Amino acid sequence: MSLFDLVLIKKYDRSGPRYTSYPTANNFSTFTQADYQNQVTLSNDRQGPISLYCHIPFCNTVCFYCGCNKVVTKDKTKAEPYLEALFKEIDKQGELFDSKRQVEQMHFGGGTPTFLSNEQITRLSEKLQSAFNFSKTGEYSIEIDPRGVDENTIKALAKARFNRISLGVQDFNAAVQKAVNRIQSFEQTKSVIDLARENGFKSVSIDLIYGLPKQSVETFKTTLDQVSELRPDRISLFNYAHLPELFKPQRRIDVFELPSADEKLAIFKYSMDFLLKQGYVYIGMDHFALPEDPLAIAQQQGHLYRNFQGYSTHADCDIVGLGLSSIGQVGDSFSQNEKNLEQYYQRIEAGELPVIKGQTINADDKIRRAVIMDLICHFGLDFSKVERAFDISFNEYFADSLIELSEMHADGLLQLDEHSIKVQEKGKLLIRNICMVFDAYLASSKTQFSKTI
Ligand code: SF4
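Take 9 as the starting number for the sequence shown in our numbering and just add one per residue.
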């Protein structure tokens, strides 16, 4: 049976969270350095591995579709003061965590982490390794802009212990690239991927976006053929959300060049069918992976997880967010750093941790998080598992949600009985809508979310 049911997609067409966390980041409020330190103490008591996220906010040029927190500049001297501040933050965070706890995962994101010179990336990696206890077998990934990367960079990254790369591609069509101000040839991208594989990188991940200006099914077919030639281990196929009132660079996109809603859905349907035919497994939301990739294996074995970086195989890690705007997940809390560069510098200069907001999660949040995580990662839910973990009667606790789900059951999105929920093939693409039924914050939220499809 196909994943794609146009009638249902149109019926359930609405906006909603991407559930990289529950509660979602729009619910964060005041969260102090002392709150954070208390949560680290709690997490040290529990022990468990650590995942580090390091944010490098700088980009050489702006991509017009961008919705990230970044600083666009060609001035490379901006990197050094940022690193100085980041090193101070790393020292402070490193002191808080029990040194017996191992770093099993690290990710450099941005912005563009390769805005840093090879020497700066090496120094940053060494700094992190001196402040934290790294596992020898960890998963260490970095986002790369192929336009500024050569063989020396790839070798420097391998030496700095990175073993996974993620590349933004979006679309190889020249007219689309011009319309979004991101000119990046297929040859350039292929050369970086070949170099990474030659230098021992275990995994290559590519990001694509559908719904960009000048895109059509016909143009995107060629892009997908080229992507398939590269055979990345993971592919993210994001839906472009045009929200110019929220993201300034998007104001430079000509709305008349955007594909219609129907064309956009047709691109998505074609892409989905194409990737499945090419042997990729649909992980969920916008993610695909080769069957032998750890994400696909984790999903099959029932221990896939979702966090701020998307789907993850490291469910049990506390995430330490480092750098501008980074989000951490430590103990029973989420926390986010300052988003403004000057304020980030000021907080570091004052000797503080630059935490600005966050949320301590309560008992109800934990139950709902477990439900949403199982649904979004494994497309199913066994009520007895939740009952055992939280000592509740599922049918009583979620009586209202179960009534709400009955329409989805009638529409064939899921199978619902008194013991479980099983998301059906045509419900998989609408998994965000299904999760939203269990979200206690949604009804009072004023946040403008992206479309679920
Ligand atoms: S999409 Fe990525 S590379 Fe482009 S401006 Fe945004 S953060 Fe920078």
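For each residue, glycine too, the CB sits at the ideal point set by N, CA and C. Since this is a predicted model, take the numbers as computed values, not measurements.
CB contact flag (Ser-409, Leu-424, <8 Å): no
Neighbourhood of Phe-123 by C-beta distance below 7 Å, restricted to the same chain and skipping five residues each side: Ile-64, Phe-66, Cys-67, Asn-68, Ala-87
Cβ-heavy atom distance, Thr-197 to the ligand SF4, below 7 Å: no
Of the residues Tyr-30, Asp-13, Arg-22, Gly-24, the one placed nearest Ser-341, counting alpha carbons only: Tyr-30
Segment limits, beta strand (DSSP E) that includes Gln-367: 363 to 368
Through-space distance from Val-338 to Phe-391, alpha-carbon basis: 27 Å
Cut-off 6 Å between Cβ atoms - residues of its own chain near Gln-110, not counting five sequence neighbours on either side: Pro-57, Asn-141, Ser-143
Val-225 Cβ short of 7 Å to the ligand SF4 heavy atom set: no
Straight-line gap, Asp-83 to Gly-156 (C-alpha atoms, nearest Å): 14 Å
Asp-215, enclosing beta strand (DSSP E) - first and last residue: 211 to 218
Bridge partners - Asn-181, DSSP secondary structure assignment: For Asn-181, which the question treats as bridged, DSSP gives no partner whatsoever.
Simplified DSSP state of Val-48, which is helix, strand or coil: helix
Local Cβ density within 10 Å of Phe-264, reported as buried at 16 or more and exposed below that: exposed
Residue from Leu-450, Pro-25, Ser-279 whose Cα sits closest to the Cα of Glu-226: Ser-279
Met-416, enclosing alpha helix (DSSP H) - first and last residue: 407 to 418
Bridge partner(s) assigned by DSSP for Asp-390: Ser-428
Alpha-carbon spacing of Ile-384 relative to Thr-85, whole angstroms: 42 Å
Residues that DSSP places opposite Cys-62 in a beta bridge: Phe-116, Leu-330
Contact between the stretch 96 to 112 and the stretch 240 to 258 (3+ Cβ pairs under 8 Å): no
Distance cut-off 7 Å: Cys-62 Cβ against heavy atoms of the ligand SF4: no
Val-15: first and last residue of the uninterrupted alpha helix (DSSP H) it sits in: 14 to 19
Range covered by the alpha helix (DSSP H) that runs through Asn-141: Premise fails: Asn-141 lies in the beta strand (DSSP E), 141 to 152, not in any alpha helix (DSSP H).
Beta-carbon proximity list for Ser-343, same chain, < 6 Å, skipping 5 on both sides: Phe-39, Tyr-44, Gly-336, Val-363, Gly-366
Buried or exposed (CB count within 10 angstroms, at least 16 for buried), Asn-447: The amino acid at residue 447 is misidentified as Asn; the sequence shows Asp. Counting Cβ neighbours within 10 Å, Asp-447 comes out buried, since at least 16 surround it.
Option in Thr-49, Ala-168, Asp-13 with minimal Cα separation from Leu-104: Thr-49
Tyr-6 (DSSP reduced to helix, strand or coil): Residue 6 falls outside the range modelled here, since the chain spans only 9 to 461, and no answer is possible.
Inter-residue Cα distance where the pair is Arg-260 and His-250: 11 Å
Residue span of the alpha helix (DSSP H) that contains Gly-464, given as start and end: The chain is shown only over 9 to 461; residue 464 falls outside these bounds and no answer can be derived.
Touch test, the stretch 128 to 138 against the stretch 346 to 361, Cβ-Cβ under 8 Å, three pairs minimum: no
Host beta strand (DSSP E) of Gly-318 (start-end): 318 to 320
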